[in-house]
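K.L.:
For the sequence shown, the tail end lands on 513 under the working numbering, and the numbers increase by one without skipping.
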Amino acid sequence: MNHSTNTPIAATAEMEHFDVIVIGTGFSGLAVGTALARQGRHSFVLLERASSVGGTWRENTYPGAACDIQSHLYSYSFRQNPSWSRVYATQPEILEYLESTASDEGLLARIRFNTDVTAARWYEEKGRWEVDSTTGTRTANVLVTASGHLSDPKMPSIEGAESFKGEIFHSARWDHAVELTGKRVGVIGTGASAIQIVPEIAKTAAQVTVFQRSAPYIVPREDHVYDVAEKRMFARIPEVAQELRDDLFWGNESRFPQRLGIPDFIDTVARKALSHLRNQVSDERLRAKLTPDYQIGCKRILISNDYYPAVSQEHVNVETAAIGSLHSSGVELVNSESIDLDVIVVATGFEATDLPISHRIYGRSSQLLADHWAEGRGAFDCSTVNGFPNLFVMLGPNTGLGAGSIIHMVESQMQYISSGIDYILDNDVAIEPEPEREERFLEDLEKRALKTVWVNGGCQSWYLHPISGKLSALWPDFMHRFRRENGVFNQSNYVTSDVFEQPHPDAFAAVSS
Ligand code: NAP
Numbered sequence: 001m002n003h004s005t006n007t008p009i010a011a012t013a014e015m016e017h018f019d020v021i022v023i024g025t026g027f028s029g030l031a032v033g034t035a036l037a038r039q040g041r042h043s044f045v046l047l048e049r050a051s052s053v054g055g056t057w058r059e060n061t062y063p064g065a066a067c068d069i070q071s072h073l074y075s076y077s078f079r080q081n082p083s084w085s086r087v088y089a090t091q092p093e094i095l096e097y098l099e100s101t102a103s104d105e106g107l108l109a110r111i112r113f114n115t116d117v118t119a120a121r122w123y124e125e126k127g128r129w130e131v132d133s134t135t136g137t138r139t140a141n142v143l144v145t146a147s148g149h150l151s152d153p154k155m156p157s158i159e160g161a162e163s164f165k166g167e168i169f170h171s172a173r174w175d176h177a178v179e180l181t182g183k184r185v186g187v188i189g190t191g192a193s194a195i196q197i198v199p200e201i202a203k204t205a206a207q208v209t210v211f212q213r214s215a216p217y218i219v220p221r222e223d224h225v226y227d228v229a230e231k232r233m234f235a236r237i238p239e240v241a242q243e244l245r246d247d248l249f250w251g252n253e254s255r256f257p258q259r260l261g262i263p264d265f266i267d268t269v270a271r272k273a274l275s276h277l278r279n280q281v282s283d284e285r286l287r288a289k290l291t292p293d294y295q296i297g298c299k300r301i302l303i304s305n306d307y308y309p310a311v312s313q314e315h316v317n318v319e320t321a322a323i324g325s326l327h328s329s330g331v332e333l334v335n336s337e338s339i340d341l342d343v344i345v346v347a348t349g350f351e352a353t354d355l356p357i358s359h360r361i362y363g364r365s366s367q368l369l370a371d372h373w374a375e376g377r378g379a380f381d382c383s384t385v386n387g388f389p390n391l392f393v394m395l396g397p398n399t400g401l402g403a404g405s406i407i408h409m410v411e412s413q414m415q416y417i418s419s420g421i422d423y424i425l426d427n428d429v430a431i432e433p434e435p436e437r438e439e440r441f442l443e444d445l446e447k448r449a450l451k452t453v454w455v456n457g458g459c460q461s462w463y464l465h466p467i468s469g470k471l472s473a474l475w476p477d478f479m480h481r482f483r484r485e486n487g488v489f490n491q492s493n494y495v496t497s498d499v500f501e502q503p504h505p506d507a508f509a510a511v512s513s
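This is the structure in structure tokens:
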């Protein structure tokens, strides 16, 4: 392997060294932390930029925030929760679940809060990662990024935004100090977040204007509050909860053929969505506005029973003309019409196509991960990248799902990464995927992606890379195949090199708690 030299780090007495550094404490970071702790590993740390755990479930506190995947499936298989209050739990309950995971698994002492990673560099001679953060520099044999792809809000650039005199904030940075009762509120976007927000704020706002660029497909939300007897049964007979989890898993898997555009499957779900629209919206003009113009599944299929009734109300308006600019008292549309607003909620999604953490990771020869991915993102087995030794990427390229629970993907990667970490630490080596294997792997994914509605369904979405046009965010197959193909680490797919130098015990204080 061609080793090049990075600038040597100046080791200081304060610099902590760990076997493993994990960035992030959302669902994926806590999963890796739990795996390491349960294996009895002591030398690892989780770096968290906020002051508490939870990732996207800590950040998204907007009214109506809930999961659109069933909680008995959208939770760790190794920490099943018999007490979910309903089929689709709300944000506070999911956050509480994550907080109790961190605490019960003994992870809190291993988390460095208020620690924003500013740069991570592979230091070739030592075979170590050097991780700079707002609380100092640490080194590690292995770096795991678990910073999520839905963590950094994406704000559209709108002309005149600075002149707006009202309040404006992103859905993932909800300003709870702003009172919406009796106000004129604009909501930009009609994605999964917006359709949960609109029904809630429409209950008290004087006027709500929804700025819709594309109409989403929406199917009924088959929700249900679990009664005491059901919760007791899940707690007393874990096999029943497991059976429910299995049924939910295969129920979600059975939706993947829709994403392949197979006529019977896609027609059935399209009929379901369009009859939901017909049943809930009697006004023909509004129905026309709310009818999507692309193939179902191309964007996320949303679930809601209260969005259509909410936008059918007198004081709620769906505006399809694009926003041209903002002025001091509201919005000017491209058709020159002006709408006065007191508050604007920006529900335009996240920086999911250009992962912010990739702008802070420098691999061999100081190559920036964001540059490596500039023309299109990809990772071998969806977890490792050639040129970035001993780096594992949780929920990186091709790990999102259009139908299913991301927790299944998280746990599959957790298994893979745990074995990879064992191999690295047991043998004191640096590994990276063989470039040809990575290329073949990505070519295969691309072929599979071409068959999906995400690529050929006639819509624009953050699932596609803006430069390559390739499916970079989603896994183009069934969930169970992800685990079979990407859940098992195989060292023979990797280039392995010895790590030449151990950190000097005086230079790196090994910290075990
Ligand atoms: P999103 O799905 O990316 O939707 C963003 C919305 O904003 C879309 O309607 C988009 O229109 C619109 N938009 C973006 N930029 C715009 C611009 N410059 N001008 C006008 N409109 C603009 O974002 P999200 O709703 O926050 O959801 C993001 C992801 O989070 C989801 O896909 C899902 O994975 C996850 N999520 C999950 C849940 C859950 O229940 N599990 C809840 C919320 C979010 P176009 O469609 O035309 O691009």
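The C-beta atom is built at its ideal place from N, Cα and C for all residues, glycine as well. Only a predicted model underlies this, so the values are computations on that prediction, with no experimental measurement involved.
Is residue 308 helix, strand or coil when you go by DSSP?
P.N.:
helix
K.L.:
Going by the beta-carbon positions, is the gap between residue 181 and residue 210 smaller than 8 angstroms?
P.N.:
no
K.L.:
Distance, Cα to Cα, residue 67 vs residue 197?
P.N.:
13 angstroms
K.L.:
Among 301, 253 and 247, which residue has its Cα nearest to the Cα of residue 273?
P.N.:
The candidate whose alpha carbon is nearest that of residue 273 is 301.
K.L.:
Do you know how far the Cα of residue 330 is from the Cα of residue 338?
P.N.:
7 angstroms
K.L.:
Could you compute how far the alpha carbon of residue 29 sits from the alpha carbon of residue 106?
P.N.:
14 angstroms
K.L.:
How many angstroms separate the CA atom of residue 117 from the CA atom of residue 252?
P.N.:
36 angstroms
K.L.:
Is any heavy atom in the ligand NAP found nearer than 7 angstroms to the beta carbon of residue 84?
P.N.:
no
K.L.:
Where in the stretch 37–86 do unbroken runs of the beta strand (DSSP E), each at least 3 residues long, occur, reported from the N-terminal end onward?
P.N.:
44–47
K.L.:
Report yes if the C-beta distance between residue 383 and residue 413 is below 8 angstroms; otherwise report no.
P.N.:
The criterion of a C-beta distance shorter than 8 angstroms is satisfied by residue 383 and residue 413.
K.L.:
One question on the structure: do residue 188 and residue 346 come within less than 8 angstroms of each other, judged by their Cβ atoms?
P.N.:
yes
K.L.:
Can you find the residues in the same chain that come closer than 7 angstroms, C-beta to C-beta, to residue 325, ignoring five residues on each side of it along the sequence?
P.N.:
158, 159, 160 and 332
K.L.:
Please return the same chain residues whose Cβ sits closer than 7 angstroms to the Cβ of residue 206, not counting the five positions on each side in sequence.
P.N.:
182, 183, 184 and 315
K.L.:
Mapping DSSP to helix, strand and coil, what is residue 18?
P.N.:
strand
K.L.:
How would you label residue 523, buried or exposed, when you count the other beta carbons within 10 angstroms and need 16 or more for buried?
P.N.:
The structure shown has nothing for residue 523, since the chain only spans 1 to 513.
K.L.:
Please classify residue 134: is it buried, with 16 or more other beta-carbons within 10 angstroms of its beta-carbon, or exposed?
P.N.:
exposed
K.L.:
Can you tell me which of 350, 98 and 201 puts its alpha carbon nearest to the alpha carbon of residue 156?
P.N.:
350
K.L.:
What did DSSP end up calling residue 319 once you bin it into helix, strand or coil?
P.N.:
strand
K.L.:
Based on the DSSP output, what are the partners of residue 361 in its beta bridges?
P.N.:
120
K.L.:
Out of curiosity, what's the CA-to-CA distance linking residue 390 and residue 226?
P.N.:
Take the alpha-carbon of residue 390 and the one of residue 226: they are about 44 angstroms apart.
K.L.:
Where does residue 78 land, buried or exposed, given buried means 16+ other C-beta within 10 angstroms?
P.N.:
exposed
K.L.:
With DSSP as the reference, label residue 403 as helix, strand or coil.
P.N.:
coil
K.L.:
Which residue's Cα is closest to the Cα of residue 422: 491, 92 and 126?
P.N.:
491
K.L.:
Throw me the rounded Cβ distance for the residue 186 and residue 298 pair, which I believe falls under 8 angstroms.
P.N.:
Incorrect: roughly 26 angstroms between the Cβ atoms, too far for contact.
K.L.:
On a Cα-Cα basis, can you pick out the residue from 484, 76 and 204 that is closest to residue 245?
P.N.:
76
K.L.:
Which runs of the alpha helix (DSSP H) at least 4 residues long sit entirely within the stretch 121–201? Give them in chain order.
P.N.:
192–201
K.L.:
Just to confirm, is the Cβ distance from residue 220 to residue 303 under 8 angstroms?
P.N.:
Contact: yes.
K.L.:
Cβ-heavy atom distance between residue 245 and the ligand NAP below 7 angstroms?
P.N.:
False, no ligand heavy atom lies under 7 angstroms from that Cβ.
K.L.:
If residue 146 sits next to residue 26, beta carbons under 8 angstroms apart, how far is it from one beta carbon to the other, in whole angstroms?
P.N.:
The distance from the Cβ of residue 146 to that of residue 26 is about 7 angstroms, consistent with a contact at the 8 angstroms cut-off.
K.L.:
So is the beta-carbon of residue 353 under 7 angstroms away from any non-hydrogen atom of the ligand NAP?
P.N.:
no
K.L.:
Just to check my reading of the structure: residue 266 and residue 296 have Cβ atoms closer than 8 angstroms, yes? What is that Cβ distance to the nearest angstrom?
P.N.:
6 angstroms
K.L.:
Enumerate in chain order the residues of its own chain whose CB-to-CB distance from residue 150 is below 7 angstroms, with the five nearest sequence positions on each side excluded.
P.N.:
For residue 150, where only same-chain residues beyond five positions count, the Cβ hits under 7 angstroms are 56, 350 and 352.
K.L.:
Relative to the C-alpha of residue 254, which residue among 447, 21 and 404 is closest?
P.N.:
404
K.L.:
Would you decide whether residue 1 is buried or exposed? Buried here means 16 or more other CB atoms lie within 10 Å of its CB.
P.N.:
Note on residue 1: pLDDT 33, under 50, position unreliable in the model; no value is reported.
K.L.:
Short check: CB of residue 376 to CB of residue 461, under 8 angstroms?
P.N.:
no
K.L.:
Whose C-alpha, out of 320, 71 and 24, is nearest the C-alpha of residue 51?
P.N.:
24
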